[in-house]
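J.: Handing you this structure, nothing more for now.
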Amino acid sequence: MRPTDNSPVDLVTIDTALAEFVARQRARWAGVHPELDGFVDAAADFVADGKRMRPLFCLAGWRAATGAHTAAPAPRAVVTAAASWEWLQGSALVHDDLMDASDTRRGRPSVHRAFERRHRDEGRVGDPAGFGAGAAILLGDLMLSWSDEMLRHAADIDPDLTAGPGAARLARAFAVLDTCKTEVTFGQYLDVAAQTRAEVDADAAMLVVRLKTAKYTIERPLHLGAVLGGADDDLLERLSAVAMPLGSAFQLRDDVLGVFGDPATTGKPAGDDLREGKRTLLIARAMARLSTDDAARLSDMLGTSAGVTAAAELVRSSGALQDVEAEIDRCAAQATGALTALPAVAQETLAPLIDRAVRRDR
18 MRPTDNSPVD
28 LVTIDTALAE
38 FVARQRARWA
48 GVHPELDGFV
58 DAAADFVADG
68 KRMRPLFCLA
78 GWRAATGAHT
88 AAPAPRAVVT
98 AAASWEWLQG
108 SALVHDDLMD
118 ASDTRRGRPS
128 VHRAFERRHR
138 DEGRVGDPAG
148 FGAGAAILLG
158 DLMLSWSDEM
168 LRHAADIDPD
178 LTAGPGAARL
188 ARAFAVLDTC
198 KTEVTFGQYL
208 DVAAQTRAEV
218 DADAAMLVVR
228 LKTAKYTIER
238 PLHLGAVLGG
248 ADDDLLERLS
258 AVAMPLGSAF
268 QLRDDVLGVF
278 GDPATTGKPA
288 GDDLREGKRT
298 LLIARAMARL
308 STDDAARLSD
318 MLGTSAGVTA
328 AAELVRSSGA
338 LQDVEAEIDR
348 CAAQATGALT
358 ALPAVAQETL
368 APLIDRAVRR
378 DR
């Protein structure tokens, strides 16, 4: 589901920028090999119906720095830079689904499962699962490369980004992106590593939240747009004061949906985080509240397909859900309070995004 309470101008221009980029890629690589047509199709299809949260936050950062009103479209080069976040997000999700052995994404087969099924349907030789895994790794790598390429393409659109102050702004934007890629990779590794330990640590869970989501989903997109708009360090700090608590609320909502979400709206099976053995704050709070015996039962069920319903009920009955809902409300209130330190146009742009991030249904 797309956000409907943000500027439709920005949504339309983001979609247009992505479509133009895909068209250029198709034209550039046409005729190399028929297999590549389906490979590019898979990348394009994956980003076709995303929520566009990161591009929208990127454009919000640019508007905060420039004072440009939401009713007016951002320059094409800025929209292109913002839209490049969809490829980074696509890369992360494709790899994440493979690592988590997830069967679905947005109600459809995950990429590795789709290529696995293609292998079987076409009667190919070899291991279908191995082909699916290899194709997903490569597709994620391709999308990661395209995120850089699309950001660089912004300079092709606007020559002012190739020299003088514009070139400096673009260099700062790439520095933000480079930092973000390191942060999200570290967060993802810590998430994977946490699933190999018996204990569930609340502080470790929140560090993953900050690295894997708060910075990657909100802070760094805001920063990238802001530096393209010429923001100084003071504005970046004020944007961070909104972004970090909001990003925490965003991920904690995701954690709640990962256990209690409706598959009809999340596009994922109920209790998927329990099957994957995610060591989230929700699980950490449940472990701390449960009796020794019930905590041991929950620990035994994490990372298995058995007892998902029973595990979810243990989490609910422990009071952990209420704890995390209260933490979401606290973080959202902190982000909303920090919003008042930003320029009026930034407040106008970010307010609906704050609500969407915290109250979303998927």
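Under this note's numbering, the residues of the sequence shown are numbered 18 to 379, in order. Where is the CB? At the ideal position from N, CA and C, for every residue including glycine. Because the structure is a prediction, the values reported are computed rather than measured.
(1) Specify whether the region 68-84 and the region 41-57 touch according to this definition: at least 3 beta carbon pairs, one from each stretch, less than 8 Å apart.
(2) How should Val-49 be labelled, buried or exposed, when 16 other C-beta atoms within 10 angstroms of its C-beta is the threshold for buried?
(3) Could you say which of Thr-234, Ala-172, Arg-214 lies nearest to Ala-94 if we only look at CA atoms?
(4) Beta-carbon within less than 6 Å of Ala-329's beta-carbon, same chain only, minus the 5 sequence neighbours each way: which residues are those?
(5) When DSSP labels each residue in this structure, what does Thr-230 get in the three-state scheme?
(6) Between the beta-carbon of Thr-366 and the beta-carbon of Thr-87, is there less than 8 Å?
(7) Write down every uninterrupted run of the alpha helix (DSSP H) in the region 79-151 whose length is 4 residues or greater and which is fully enclosed by it, in chain order.
(8) When you compare the CB positions of Met-318 and Ala-312, do they come within less than 8 Å of one another, or not?
(9) So, at 6 Å on beta carbons, what are the nonlocal neighbours of Gln-351 in its own chain, with the 5 sequence-adjacent residues on each side left out?
(10) Report yes if the C-beta distance between Val-201 and His-240 is below 8 Å; otherwise report no.
(11) Excluding the five sequence neighbours on either side, which residues of its own chain have a C-beta within less than 8 Å of the C-beta of Leu-356, listed in chain order?
(12) Do Phe-191 and Leu-228 have their beta-carbon atoms positioned less than 8 Å apart in this structure?
(13) Of all the options Leu-307, Leu-269, Arg-214, Ala-219, which has the alpha carbon lying nearest to the alpha carbon of Thr-234?
(14) Give the secondary structure of Leu-359 by DSSP, where H, G and I count as helix, E and B as strand, and everything else as coil.
(15) Do the region 112-123 and the region 137-144 make contact, defined as three or more Cβ pairs closer than 8 Å?
(16) Suppose the cutoff is 6 Å on Cβ atoms and the five residues either side in sequence are ignored; what does the same chain contact list for Pro-145 look like?
(17) From this set, Phe-267, Leu-252, Phe-56, Asp-310, which residue's C-alpha is nearest Ala-361's C-alpha?
(18) Which residue spans inside the region 265-311 form an unbroken alpha helix (DSSP H) run of at least 4?
(19) Do you know how far the Cα of Asp-271 is from the Cα of Cys-348?
(20) Can you give the Cα-Cα distance for Thr-321 and Ala-221, rounded to whole angstroms?
(21) Starting from the Cα of Val-111, find the closest Cα among Gly-181, Ala-98, Arg-130, Thr-97 and give me that residue.
(22) Grab the span of the alpha helix (DSSP H) containing Ala-190 for me, first residue to last.
(23) Please state whether DSSP places Leu-319 in a helix, a strand or coil.
(24) Starting from the C-beta of Asp-340, find all residues in its chain whose C-beta is less than 6 Å away, skip the five residues before and the five after it, and write them out in chain order.
(25) Mark Leu-420 as exposed unless 16 or more other C-beta atoms lie within 10 angstroms of its C-beta, in which case mark it buried.
(26) Please look up how many angstroms separate the CB atoms of Asp-31 and Ala-99, rounded, as I've assumed it's under 8 Å.
T.: According to the structure shown:
(1) no
(2) exposed
(3) Ala-172
(4) Val-276, Gly-288
(5) helix
(6) yes
(7) Here the runs fully enclosed are 93-100, 102-117, 128-138.
(8) Going by C-beta atoms, Met-318 is not nearer than 8 Å to Ala-312.
(9) Pro-262
(10) no
(11) Val-259, Ala-363, Gln-364, Leu-367, Ala-368, Ile-371
(12) Remark: C-beta atoms of Leu-228 and Phe-191 do not approach each other more closely than 8 Å.
(13) Leu-269
(14) coil
(15) Flag = no, the region 112-123 and the region 137-144 do not touch.
(16) Glu-133, His-136, Arg-137
(17) Leu-252
(18) 280-283, 289-293, 298-306
(19) Each residue's alpha carbon lies about 14 Å from the other.
(20) 22 Å
(21) Comparing Cα-Cα distances from Val-111 to each of Gly-181, Ala-98, Arg-130, Thr-97, the minimum goes to Arg-130.
(22) 181-211
(23) Per DSSP, reduced to three states, the secondary structure at Leu-319 is coil, with no helix or strand assignment.
(24) Arg-302
(25) Nothing about residue 420 can be reported from this structure: the residues present for the chain run from 18 to 379 only.
(26) In the sequence on display, residue 31 carries Ile and not Asp. Contact holds; Cβ gap of about 6 Å.
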